[in-house]
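Since the structure comes first, as structure tokens, the remarks are kept for the end.
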Amino acid sequence: MLNLNSFEHLKNWIVDSGIQINDSSNPNFGGVYSFYDEKRQNYGFIYPEITGYYISCMRFLHNSFNDQKFIKKAESAALWLIKLENDYGGIIQGIKTQKNNERLVYSFDTGICVKGFLDCYDLTKKNQFLNISKKLLNWIMDEALENDGIIKPLKNLKTGKFEVDQNLWYKQNGCLHIKTSMPFFHMYNITKEPIFLEKAELICNTFTKFQKDNGSLSLHLGGDLSHLHSICYALEGLLYAYYFTKNDAYITVCYRVIDWCLKKIQNDNSIELWFNSKYQHSKTSYAVAQLIRLVILTDKISNSDKNKNNVQKLNQFLRTLQADSSNFQMNGGYYEEFFKSILGWKKRLRVNSWGSMFALQALFWSENYDSINFDDSVQYLF
């Protein structure tokens with residue numbers, strides 16, 4: 228089925244496969260599903276965080292192809308998120324159509340949605356998107372952000388309290404929260420209000436708390452685990468910070484951590500998700516796509532092509548996860564991962580929305596590697 232190039236098939240999947248709800252009579256019109264399940268032939272839960280990424284992805288596509296349909300899709304996603312926030316009093320983690328929804332609000336997810344709102348504001352100049360962004364950033368500053376820049380992971384709206392769960396990596400203070408600085412920088416760029424720049428830098432400067440002697444970042448404070456997805460989140464925040472501040476400390480740590488990551492590329496051009504974990508083994512589309520984007524951007528900062536070969540290697544592996552199917556709900560999207568079982572590596576048969584969006588940008592920048600530059604590209608990082 229892949230008779231177009233990989234990028235065009237992927238773009239078509241993201242825009243037209245139904246991963247975003249396009250029926251205006253549906254109460255969740257504009258929301259984005261987490262994945263398409265090949266075995267069950269249905270969609271996963273509707274994912275607010277990923278709907279935030281979708282808005283930012285539409286801004287990236289509009290900038291690249293100047294098509295008004297991307298603005299319309301971004302706006303429908305943003306309006307759904309506003310409705311969600313109004314209904315629940317926060318950006319809850321997910322919407323399940325078959326059961327009651329947990330009323331958990333993640334600080335990280337909220338930050339990603341604010342970045343989406345600000346991208347929608349840039350596309351439309353409609354103040355409702357700026358206003359909801361200010362409201363949610365104020366919530367992060369007033370309730371979730373500690374004095375040292377660490378961000379509390381989630382609030383339970385039923386109890387009104389913030390929670391930590393040591394059994395789940397995303398329910399703890401982690402290096403991933405450095406990415407939450409991005410909407411603060413973006414808001415500062417729009418409003419020039421110093422508080423947003425101050426808080427953005429406070430969040431970014433927590434990278435020193437996660438640095439490891441081996442060149443990596445720890446997933447959690449004082450922990451041994453490293454997690455490629457979270458490392459990439461942190462570096463995305465730091466690269467965005469470098470664009471706005473030109474603080475060399477941010478780019479220095481990015482170079483060091485990326486060098487550590489590239490040394491972990493395996494013979495099949497893959498890189499694993501977990502390090503120092505006895506039991507968790509997977510190779511994901513989303514983390515590899517994130518790493519490709521970071522490698523390209525840092526090469527562009529240094530005006531070199533020293534890692535072009537590594538970009539090609541990672542892309543070769545990434546494309547082994549692209550779906551080739553007669554089913555338009557799958558064709559061109561990217562499967563979530565290979566996971567290790569007792570029988571060896573197996574593909575998880577879910578075509579993943581955020582992995583596909585990250586891969587879209589990774590492929591576009593890879594195909595235009597020689598012509599893009601850092602300042603023009605990093606503004607559209609999501």
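Per this note's numbering, residue 228 is the first one in the sequence shown, and the count goes up by one each step. Even glycine gets a Cβ: it sits at the ideal position worked out from N, Cα and C. What you are looking at is a predicted structure, and each value in this text was computed from that prediction instead of being measured.
field: Simplified DSSP assignment, three categories, for I318
entry: Looking at I318 - three-state DSSP - the assignment turns out to be coil, as it is neither helix nor strand.
Chain-order list of residues whose beta-carbon lies under 6 Å from that of T337 (same chain, five-residue window excluded): Within the same chain, I318, L363 come within 6 Å of T337 by CB-CB distance, once the 5 residues on both sides are set aside.
message: Can you list, in chain order, the residues of its chain with a C-beta nearer than 8 Å to that of Q588? Leave out the 5 residues immediately preceding and following it.
response: So the qualifying residues of the chain are C284, F287, A516, R520, Y607, L608, F609.
- request: Specify the secondary structure class of R267 as computed by DSSP and reduced to three states.
  value: Residue state, collapsed to three classes: coil.
query: Cβ of E370 within 9 Å of Cβ of F344?
result: No, the Cβ-Cβ distance between E370 and F344 is not below 9 Å.
Y348 to N354 span [Cα, whole Å]: Approximately 7 Å between the Cα atoms of the pair.
Contact set for W487: own chain, Cβ-Cβ below 7 Å, skip 5 residues either direction: Contacts found: N441, G442, S443.
Where K388 falls: helix, strand or coil (DSSP): It is a strand residue.
- prompt: Taking I322 as the reference, which of I273, Y280, L350, F356 has the closest Cα?
  reply: Answer by Cα proximity: I273.
Reduced DSSP category for S509 - H, G, I as helix; E, B as strand; rest coil: DSSP places S509 within a strand segment (E or B) once states are collapsed to three.
field: Strand pairing of W501, partner residues [DSSP]
entry: Within the DSSP secondary-structure output, W501 pairs in a beta bridge with H454.
task: Between the Cα of Q507 and those of L455, L462, A468, D551, spot the shortest distance and give me the residue it belongs to.
output: Comparing Cα-Cα distances from Q507 to each of L455, L462, A468, D551, the minimum goes to L455.
task: Evaluate N400 with the Cβ neighbour count: other Cβ atoms within 10 Å of its Cβ, from every protein chain shown; 16 or more gives buried, anything less gives exposed.
output: By the Cβ neighbour-count rule, N400 is buried, with 16 or more other Cβ atoms within 10 Å of its own.
message: So if DSSP puts R575 in a beta bridge, which residue, or which two residues, is it bridged to?
response: Looking at the DSSP output, R575 shares a beta bridge with E564.
task: Sort out for me which residues DSSP pairs F262 with in a bridge.
output: For F262, which the question treats as bridged, DSSP gives the partners N579.
message: Please state the DSSP three-state secondary structure of L570.
response: Three-state result, L570: coil.
task: Determine the direct distance from the alpha carbon of S303 to that of F234, and round the result to whole angstroms.
output: As the crow flies, the alpha-carbon of F234 is around 24 Å from that of S303.
- prompt: For the candidate residues N293, K300, W307, G376, whose alpha-carbon lies nearest to that of S334?
  reply: The closest CA to that of S334, considering only N293, K300, W307, G376, is found on G376.
message: My output table needs one value for I378: the three-state DSSP class, helix, strand or coil.
response: In this structure, DSSP gives I378 an extended state, which the three-state scheme calls strand.
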